[in-house]
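Trainee:
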Amino acid sequence: MFNVGNSRQVVFTKNATESLNIAINGLFSENDHIITSVAEHNSVLRPIHYLKEKGVEVSYIGVLENGVINFDEIPSLIKANTKAIVITHASNVTGNITDLKKYGDFCRNNNLLFVVDASQTAGAFNIDMKEMNIDVLCFTGHKSMLGPQGTGALCVREEVYIRPFMVGGSGTHSYDEFQPDKMPTRLEAGTLNSHGIAGLHASIDYILRNKMENLTNKSMELARKFYDGVTKFPEVKVYGDFETDLRAPIVSLNISDMDSSEVSNILYEEYKISTRPGAHCAPLIHKALGTVEQGMVRFSFSHSNTFDEVELAINAIKKIIDDRR
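Here numbering that gives the first Met the number 0 is used: the first residue of the sequence shown is 0, the next is one more, and so on.
1. Alpha carbons only, please: which of Leu50, Cys154 and Lys286 is nearest the one belonging to Ser118?
2. Kindly indicate the opening and closing residues of the alpha helix (DSSP H) around Gly25.
3. Report yes if the C-beta distance between Val250 and Phe298 is below 7 Å; otherwise report no.
4. Assign Leu111 to one of three DSSP states: helix, strand, or coil.
5. Decide if the segment 91–99 is in contact with the segment 62–73; the criterion is three or more beta carbon pairs, one per stretch, under 8 Å apart.
6. May I have a chain-ordered list of the beta strand (DSSP E) segments no shorter than 3 residues that lie completely inside the segment 61–142?
7. Can you tell me where the beta strand (DSSP E) holding Lys236 begins and where it ends?
8. To the nearest angstrom, report how far apart Val43 and Asp134 are at their CA atoms.
9. Compute the distance between the beta-carbons of Asn20 and Pro46, then report whether it is under 7 Å.
10. Mind checking Pro233: buried by the 16 CB within 10 Å criterion, or exposed?
11. Report the three-state DSSP secondary structure of Ala201 (helix, strand or coil).
12. Note the first and the last residue of the continuous beta strand (DSSP E) segment covering Thr12.
13. On the DSSP letters alone, give me the boundaries of the beta strand (DSSP E) that Ser259 sits inside.
14. According to the neighbour-count rule (16 or more other Cβ atoms, all chains shown, within 10 Å of its Cβ), is Glu187 buried or exposed?
15. Could you check whether Val37 and Gly61 sit closer than 7 Å to each other, using their CB atoms as the reference points?
16. Is it the case that the segment 189–198 contacts the segment 10–30, given that we only count it when at least three CB pairs across the two stretches are under 8 Å?
17. Between which residues of its own chain and Gly140 is the CB-CB distance below 6 Å, once the five residues before and five after are set aside?
18. Along the beta strand (DSSP E) that carries Val296, what are the first and last residues, could you check?
19. Using DSSP bridges, identify the partner residues of His32.
20. Compute the beta-carbon to beta-carbon distance between Ser326 and Ala121, rounded to the nearest angstrom, for a pair I have assumed lies under 8 Å.
21. Return the Cβ separation of Phe124 and Leu221 in integer angstroms, given the expectation that the two are a contact with Cβ distance under 8 Å.
22. How many Å lie between Gly167 and Gly25 at the Cα?
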């Protein structure tokens with residue numbers, strides 16, 4: 000699915016957080032310099048923050064007014080000790096998508112590692128590790144991969160060496176004092192979630208059978224219809240770049256000065272619409288967009304949603320606005 004090349008370079012984990020911790024802790028050492036962005040999830044930000052205490056330097060790429068990561072800032076952030084760019088494929092707050100080919104080419108041309116958090120996009124958008132020059136791809140199984148919770152993976156280019164993050168039982172080489180160095184055992188200590196992996200396999204079969212682009216196009220059509228509906232209300236502010244159709248199928252918004260948790264509670268209690276309010280585990284982009292206190296209400300769309308459900312959600316937003324007048 001991701002053009003990894005060698006299946007032994009696929010390491011199973013329990014989620015994207017574990018995958019990113021393995022990659023970030025296993026790739027970088029004291030005096031290394033990492034470039035990441037303010038659009039990242041805490042699954043990237045926190046492991047990197049801990050590395051600062053071990054002498055790793057970090058620089059953050061800012062975002063434009065619409066939340067798009069500002070690629071043009073990167074050249075000025077490069078140092079002699081820069082080792083990698085760690086970036087999200089799509090923001091879980093704005094839905095903005097990163098041009099992986101553009102970033103990957105830059106990394107390859109500047110001898111940098113390219114580590115990608117594909118939590119929001121794996122299973123929904125084309126990701127070709129070889130074509131996009133991705134060195135490490137991290138993702139979870141329970142989002143667009145449609146698999147069970149407790150599944151995830153990281154895919155590692157063969158030439159990239161990641162030190163073991165966790166060691167222990169391996170099932171082989173039991174008399175060795177150190178973790179076996181062969182992949183994927185080097186990064187897969189302990190008993191794996193075999194039942195979850197079997198479920199993930201079934202979900203991948205479903206995606207391939209129904210064609211990923213068909214499933215994603217349906218989700219994006221629903222998100223666009225919702226966006227077109229709610230932006231007719233002057234009280235609604237929507238975040239993200241909607242001038243492009245290439246974006247994750249989420250819409251994050253606020254209604255006037257209402258707290259995002261209040262809006263989300265009304266949506267669920269009165270309309271049984273589940274949304275995610277607050278900071279979405281992505282504090283730096285909320286700081287950049289000025290929504291730290293208010294948060295945002297995030298609507299996420301799946302191919303299994305319907306256009307009638309979108310109309311219900313639009314009408315619910317209208318009713319919340321009308322009730323405040």
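For glycine and all other residues, C-beta sits at the position ideal for the given N, C-alpha and C.
Mentor: On the basis of the coordinates in this document:
1. Position 119 of the sequence shown holds residue 118. Selection Leu50, Cys154 and Lys286 evaluated against Ser118 yields Cys154 as nearest (Cα-Cα).
2. One-based indexing of the sequence shown puts residue 25 at position 26. Going by DSSP, Gly25 is part of the alpha helix (DSSP H) stretching over Ala15 to Leu26.
3. The count along the sequence shown starts at 1 and reaches residue 250 at position 251. The count along the sequence shown starts at 1 and reaches residue 298 at position 299. Yes.
4. Along the sequence shown, one-based indexing puts residue 111 at 112. Looking at Leu111 - three-state DSSP - the assignment turns out to be coil, as it is neither helix nor strand.
5. In this structure the segment 91–99 touches the segment 62–73; the number of beta carbon pairs closer than 8 Å is three or more.
6. Complete beta strand (DSSP E) runs here, min 3: 81–87, 112–116 and 135–139.
7. Indexing the sequence shown from 1 puts residue 236 at position 237. Unbroken beta strand (DSSP E) run through Lys236: Val235 to Tyr238.
8. Within the sequence shown, residue 43 is the residue found at index 44, counting from 1. Within the sequence shown, residue 134 is the residue found at index 135, counting from 1. A direct Cα-Cα distance of roughly 16 Å separates Val43 from Asp134.
9. Here the question's residue 20 lines up with position 21 in the sequence shown. Here the question's residue 46 lines up with position 47 in the sequence shown. It is a contact, given that the beta carbons lie within the stated cut-off.
10. In the sequence shown, counting from the first residue as 1, residue 233 sits at position 234. Using a 10 angstroms sphere on the CB of Pro233, the tally of other CB atoms stays under 16, which defines it as exposed.
11. Residue numbering aside, residue 201 sits at position 202 when the sequence shown is read from its first letter. Here Ala201 sits in helix by DSSP.
12. Counted from its first residue, the sequence shown places residue 12 at position 13. From DSSP, the beta strand (DSSP E) with Thr12 extends over Val9 to Thr12.
13. The residue given as residue 259 occupies position 260 in the sequence shown. The continuous stretches of beta strand (DSSP E) do not include Ser259, which lies in the alpha helix (DSSP H) extending over residues Ser259 to Tyr270.
14. The residue you call residue 187 lines up with position 188 of the sequence shown. With 16 or more Cβ atoms within 10 Å of its Cβ, Glu187 is classed as buried.
15. Here the question's residue 61 lines up with position 62 in the sequence shown. Here the question's residue 37 lines up with position 38 in the sequence shown. It is a contact, given that the beta carbons lie within the stated cut-off.
16. Yes, the segment 10–30 touches the segment 189–198.
17. Numbered from its first residue, the sequence shown carries residue 140 at position 141. Here the set comprises Gly146, Thr150, Gly151 and Leu199.
18. Taking the first residue of the sequence shown as position 1, residue 296 is located at position 297. It spans Val296 to Ser299 - the beta strand (DSSP E) in which Val296 sits, taken as one unbroken run.
19. Here the question's residue 32 lines up with position 33 in the sequence shown. In the DSSP output, where bridge partners are listed per residue, His32 has Glu56 and Thr81.
20. There is simply no residue 326 to check, as the chain begins at 0 and stops at 324 in what is shown.
21. If you number the sequence shown from 1, residue 124 lands on position 125. If you number the sequence shown from 1, residue 221 lands on position 222. Taking 8 Å as the upper bound for CB-CB distance, Phe124 and Leu221 are not in contact here, some 16 Å apart.
22. Against the sequence shown, residue 167 aligns to sequence position 168. Against the sequence shown, residue 25 aligns to sequence position 26. Distance between the alpha carbons of Gly167 and Gly25: 16 Å.
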